[in-house]
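Asks:
There are 2 protein chains.
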Amino acid sequence: MQYSGMIRDIRFLILCALIILSSQPGLAAKRLSMPEVLAASSAADWRPLDPENTLYVELPTGRVVIELAPAFAPLHVTNIKTLTRAGYFNGLSIIREQDNYVAQWGDPENRHPLPAGIGKVKAEFDSSLPPHMPFTRLPDGDVYAPQVGFSDGLPVARSDALHKVWLAHCYGMVGVGRDLDPESGSGAEMYVVIGHAPRHLDRNVALVGRVIKGVELLSSLPRGSAEMGFYTKTEKPLPIQSIRVAADVPAAQRSNLEVIRTDTPTFAALIESRRNRPEDFFKVPAARIDLCNVPIAVRERPAR
Amino acid sequence: MQYSGMIRDIRFLILCALIILSSQPGLAAKRLSMPEVLAASSAADWRPLDPENTLYVELPTGRVVIELAPAFAPLHVTNIKTLTRAGYFNGLSIIREQDNYVAQWGDPENRHPLPAGIGKVKAEFDSSLPPHMPFTRLPDGDVYAPQVGFSDGLPVARSDALHKVWLAHCYGMVGVGRDLDPESGSGAEMYVVIGHAPRHLDRNVALVGRVIKGVELLSSLPRGSAEMGFYTKTEKPLPIQSIRVAADVPAAQRSNLEVIRTDTPTFAALIESRRNRPEDFFKVPAARIDLCNVPIAVRERPAR
Numbered sequence: 001m002q003y004s005g006m007i008r009d010i011r012f013l014i015l016c017a018l019i020i021l022s023s024q025p026g027l028a029a030k031r032l033s034m035p036e037v038l039a040a041s042s043a044a045d046w047r048p049l050d051p052e053n054t055l056y057v058e059l060p061t062g063r064v065v066i067e068l069a070p071a072f073a074p075l076h077v078t079n080i081k082t083l084t085r086a087g088y089f090n091g092l093s094i095i096r097e098q099d100n101y102v103a104q105w106g107d108p109e110n111r112h113p114l115p116a117g118i119g120k121v122k123a124e125f126d127s128s129l130p131p132h133m134p135f136t137r138l139p140d141g142d143v144y145a146p147q148v149g150f151s152d153g154l155p156v157a158r159s160d161a162l163h164k165v166w167l168a169h170c171y172g173m174v175g176v177g178r179d180l181d182p183e184s185g186s187g188a189e190m191y192v193v194i195g196h197a198p199r200h201l202d203r204n205v206a207l208v209g210r211v212i213k214g215v216e217l218l219s220s221l222p223r224g225s226a227e228m229g230f231y232t233k234t235e236k237p238l239p240i241q242s243i244r245v246a247a248d249v250p251a252a253q254r255s256n257l258e259v260i261r262t263d264t265p266t267f268a269a270l271i272e273s274r275r276n277r278p279e280d281f282f283k284v285p286a287a288r289i290d291l292c293n294v295p296i297a298v299r300e301r302p303a304r
Numbered sequence: 001m002q003y004s005g006m007i008r009d010i011r012f013l014i015l016c017a018l019i020i021l022s023s024q025p026g027l028a029a030k031r032l033s034m035p036e037v038l039a040a041s042s043a044a045d046w047r048p049l050d051p052e053n054t055l056y057v058e059l060p061t062g063r064v065v066i067e068l069a070p071a072f073a074p075l076h077v078t079n080i081k082t083l084t085r086a087g088y089f090n091g092l093s094i095i096r097e098q099d100n101y102v103a104q105w106g107d108p109e110n111r112h113p114l115p116a117g118i119g120k121v122k123a124e125f126d127s128s129l130p131p132h133m134p135f136t137r138l139p140d141g142d143v144y145a146p147q148v149g150f151s152d153g154l155p156v157a158r159s160d161a162l163h164k165v166w167l168a169h170c171y172g173m174v175g176v177g178r179d180l181d182p183e184s185g186s187g188a189e190m191y192v193v194i195g196h197a198p199r200h201l202d203r204n205v206a207l208v209g210r211v212i213k214g215v216e217l218l219s220s221l222p223r224g225s226a227e228m229g230f231y232t233k234t235e236k237p238l239p240i241q242s243i244r245v246a247a248d249v250p251a252a253q254r255s256n257l258e259v260i261r262t263d264t265p266t267f268a269a270l271i272e273s274r275r276n277r278p279e280d281f282f283k284v285p286a287a288r289i290d291l292c293n294v295p296i297a298v299r300e301r302p303a304r
């Protein structure tokens, strides 16, 4: 580890040298802020959401928008859309709120029957590396995986040795609750990460998407007082009015969002703006960033 | 990074081999859960809090207990105790609640006069490495620093090359808000980390302690809708009834807590129990852990 520390120090020195070389002679380059990077973006730096793979979770406090990840968990996503379209989630509640961990919904008392065709699903915890996976790799390493970065707007980890790629448990990621049996997660119970990235769950649970907007409606709920943050009988869980597939919602009622593309020079500049934040406040730049600290920018779609 | 991935894989294989060698012939060792490790702890594995360096933040919803870190930020801690004993914080509010980032309190409208002797403080963002610093080093590296681990119950990062050590911005850590001037943080404005570890703040802000109990009372508040999570005029911030130094509180009203020591075989076993969680659920053990995922256990002090 001494060695690894020395490597880091050397890399930091090289980075400093590059920044100095790329700037005006004798002047350090001005570090850009993320708002400055985004202000300089073009329309092509953004992508719309696919309504067929977007969920709206309607709470009394507002709407949570989830982008599903069919490329990583196709069977679970199919199940979740079947459950959603059958109205399975409507009238259920947030049943678990564990501090620095997850918010979770489901039907532990089996009040709603499972629609036909929903059962156990193959454990989609990781995937074989496809031959041409889009991958914007981060330069600063990771404690848990050999490589980390972004693929189609999602935080991923991968191992060439294992020939595998998997979604990473960053803040706002959406997973499927299961019992001890790895194939027991149908999608009827889902959780959202609301704390420090619980990366030990990677490759042990199916991640199915990411909250694009409204995660604060889930993260700000009172914590449950039973074990693992479940609510007790006397605590009032927040009801879920409905979950819908965006494609089933009239266009005028849809959220009009777009997400930054993660395979562009603009996204590379965004990463750099977070590795080395503006010097007005950050006197000692981190000069590195971990996967779950990179923001995947979302905005209201501007009128064209 | 290929090389580093290979090193990780080799280390993982060595670890597996060690686990197998240390167990009954032909059987893999059972992985212990954290509750099992803690149940096997002795009284000597725990330490009391020093009432002179413990703060009670009394909210309408309950008490937040903060352990101060005078070893790392002595001038800031002195300031904070002076402010606290002058009653400066009593009647102020949580003024900022930014999702996945911080909860913050202070007096931006200068309603309370600063007590005598409170002013700018030297920027205690890191310290020179003392000759004999207690340090339980984590084996799995870190994205941001050459070395990370625990010192007297606090998550720290260090660099032998820089001859420096600093507190790390993990969930629940308490810092001192400042303006652009690095010496502008007096301690009159404080924040608590309530999201994924914002490690880019390391060495740029003074960390002064850690929430030992009650962080969920801060993390579950409604998010502020103004920029950076500040509350607007129409949002009702949660009032702070009082902040007191525990030593000034009658013994019968004190929280009776103790914290696990971080320099013992029990704590090493706790780390291991989180690197390789029980196989009943975790089919693919992480075999590694990052600094901010290690829980620093706290419990009610048992009757002796």
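Sequence order for the protein chains is A and B. Numbers 1 to 304, taken from our numbering, label the letters of the first sequence in order. Numbers 1 to 304, taken from our numbering, label the letters of the second sequence in order. Glycine residues also receive a C-beta, built at the ideal position from the N, C-alpha and C atoms.
Should residue 81(A) be labelled buried (16 or more other beta-carbon atoms within 10 Å of its own) or exposed?
Replies: Start at 1 with the first residue of the first sequence, and residue 81(A) comes out as number 81. The residue in question, residue 81(A), is buried, as its Cβ has 16 or more Cβ neighbours within 10 Å.
Asks: Alpha carbons only, please: which of 228(A), 249(A), 223(A) and 250(A) is nearest the one belonging to residue 237(A)?
Replies: Residue mapping note: residue 237(A) aligns to position 237 of the first sequence, counting from 1. Comparing Cα-Cα distances from residue 237(A) to each of 228(A), 249(A), 223(A) and 250(A), the minimum goes to 223(A).
Asks: Do residue 99(A) and residue 195(A) have their C-beta atoms within less than 8 Å of each other?
Replies: The residue you call residue 99(A) lines up with position 99 of the first sequence. The residue you call residue 195(A) lines up with position 195 of the first sequence. For residue 99(A) and residue 195(A), yes; Cβs fall inside 8 Å.
Asks: Hey, does residue 349(A) have any beta-carbon neighbour from chain B nearer than 8 Å?
Replies: An answer regarding residue 349(A) cannot be provided, because it is not within the stretch 1 to 304 covered by chain A.
Asks: Jot down the residue ranges of each uninterrupted beta strand (DSSP E) in the region 158 to 194 of chain A, minimum 3 residues, whole runs only, in chain order.
Replies: 164 to 167, 173 to 176 and 190 to 193, all fully within the region 158 to 194 of chain A.
Asks: If we cut at 8 Å on Cβ distances, does residue 223(A) have a partner in chain B?
Replies: Along the first sequence, read from residue 1 onward, the residue named residue 223(A) stands at position 223. True, the Cβ-Cβ gap to chain B drops below 8 Å.
Asks: Going by the DSSP bridge assignment, what does residue 155(A) pair with across the sheet?
Replies: As a position in the first sequence, residue 155(A) is number 155, starting the count at 1. According to DSSP, residue 155(A) bridges with 150(A).
Asks: Using 10 angstroms around the beta-carbon of residue 213(A), count the other beta-carbons present and answer buried if the total reaches 16, otherwise exposed.
Replies: Mapped onto the first sequence, residue 213(A) falls at position 213. Classification of residue 213(A): buried, given that the 10 Å Cβ count is 16 or more.
Asks: Buried or exposed: residue 42(B), going by 16 or more other Cβ atoms within 10 Å of its Cβ?
Replies: Taking the first residue of the second sequence as position 1, residue 42(B) is located at position 42. Classification of residue 42(B): exposed, given that the 10 Å Cβ count is below 16.
Asks: Comparing the CB of residue 265(A) with every heavy atom of the ligand GDP, is any distance shorter than 7 Å?
Replies: Ligands are entirely absent from the displayed structure, and the ligand GDP is therefore not among its contents.
Asks: Any idea what DSSP makes of residue 78(A), helix, strand or coil?
Replies: Position 78 of the first sequence, counted from the start, is the residue given in the question as residue 78(A). In the structure shown, residue 78(A) sits in a helix (DSSP, three-state: H, G or I).
Asks: Could you name the residues of the same chain whose beta carbon sits closer than 8 Å to that of residue 285(B), not counting the 5 residues immediately before and after it, in chain order?
Replies: In the second sequence, the residue the question calls residue 285(B) occupies position 285. Only 31, 275, 276, 277 and 279 meet the Cβ criterion.
Asks: Around the C-beta of residue 104(A), are 16 or more other C-beta atoms found within 10 angstroms, so that it is buried, or is it exposed?
Replies: As a working mapping, residue 104(A) is identified with position 104 in the first sequence. By the neighbour-count rule (16 or more Cβ atoms within 10 Å), residue 104(A) is buried.
Asks: Check for me: the alpha helix (DSSP H) holding residue 35(B) runs from which residue to which?
Replies: The residue you call residue 35(B) lines up with position 35 of the second sequence. Start and end: 34 to 39.
Asks: So the beta strand (DSSP E) residue 57(B) belongs to, where does it begin and stop?
Replies: As a working note, residue 57(B) is residue 57 in the second sequence. Residues 54 to 59.
Asks: For residue 182(B) and chain A, any beta-carbon pair shorter than 8 Å?
Replies: Your numbering for residue 182(B) matches position 182 in the second sequence. Interface residue, yes.
Asks: Return the chain-ordered list of same chain residues with a C-beta closer than 6 Å to the C-beta of residue 169(B), the five sequence neighbours on each side being excluded.
Replies: Position 169 of the second sequence holds residue 169(B). Excluding sequence neighbours, residue 169(B) sits near 193, 197, 198, 199, 201 and 202.
Asks: Can you list the beta strand (DSSP E) stretches of 3 or more residues lying completely in the region 205 to 273 of chain B, in chain order?
Replies: List check, beta strand (DSSP E) in window: 207 to 213, 242 to 245 and 257 to 260.
Asks: Take the Cβ of residue 76(B) as the centre, count every other Cβ of all protein chains shown within 10 Å, and call the residue buried at 16 or more, exposed below.
Replies: As a first step, residue 76(B) must be located in the second sequence, where it is residue number 76. Residue 76(B) is buried by the Cβ-count criterion.
Asks: Taking 8 Å as the CB-CB cut-off, is residue 153(A) touching chain B?
Replies: For the purposes of this step, residue 153(A) is taken as the residue at position 153 of the first sequence. No, residue 153(A) lies away from the interface with chain B (no Cβ there is under 8 Å from its Cβ).
Asks: For residue 113(B) and residue 88(B), I'd like the C-alpha separation in whole angstroms.
Replies: By one-based count along the second sequence, residue 113(B) stands at place 113. By one-based count along the second sequence, residue 88(B) stands at place 88. Rounded to whole angstroms, residue 113(B) to residue 88(B) spans 8 Å at the Cα level.
Asks: Excluding the 5 residues flanking residue 256(B) on each side, which residues of the same chain have their C-beta closer than 7 Å to its C-beta?
Replies: As a working mapping, residue 256(B) is identified with position 256 in the second sequence. Closer than 7 Å at Cβ, skipping near neighbours: 300 and 301.
Asks: For residue 79(B) versus residue 186(B), is the C-beta distance shorter than 8 Å?
Replies: Translated into positions along the second sequence, residue 79(B) becomes position 79. Translated into positions along the second sequence, residue 186(B) becomes position 186. Taking 8 Å as the Cβ cut-off, residue 79(B) and residue 186(B) qualify as a contacting pair.
Asks: Give the residues from the region 36 to 51 of chain B that approach chain A closer than 7 Å (Cβ to any Cβ), ordered along the chain.
Replies: Those would be none; no residue qualifies.
Asks: Measuring CB to CB, does residue 68(B) end up less than 8 Å from residue 241(B)?
Replies: For this step, residue 68(B) is matched to residue 68 along the second sequence. For this step, residue 241(B) is matched to residue 241 along the second sequence. No, these two residues do not count as a Cβ contact at 8 Å.
Asks: In chain order, what residues of the region 198 to 218 of chain A put their CB closer than 8 Å to some CB of chain B?
Replies: Those residues of the region 198 to 218 of chain A that come within reach of chain B (Cβ to Cβ, closer than 8 Å) are 198, 199, 200, 202, 203, 204, 215 and 216.
Asks: Residue 220(B) touches chain A at which residues, Cβ-Cβ below 7 Å?
Replies: For the purposes of this step, residue 220(B) is taken as the residue at position 220 of the second sequence. Chain A residues near residue 220(B): 220, 221, 222 and 223.
Asks: Quick one: is residue 196(A) near chain B, going by C-beta distance under 8 Å?
Replies: Position 196 of the first sequence, counted from the start, is the residue given in the question as residue 196(A). Closer than 8 Å: yes.
Asks: Verify whether the separation of the beta carbon atoms of residue 115(B) and residue 83(B) is less than 8 Å.
Replies: Counting from 1 along the second sequence, the entry for residue 115(B) is found at position 115. Counting from 1 along the second sequence, the entry for residue 83(B) is found at position 83. Going by C-beta atoms, residue 115(B) is nearer than 8 Å to residue 83(B).
Asks: Just by C-beta distance, which residues in the region 157 to 177 of chain A are closer than 9 Å to chain B?
Replies: Flagged, chain order: 159, 160, 161, 162, 170, 171 and 172.
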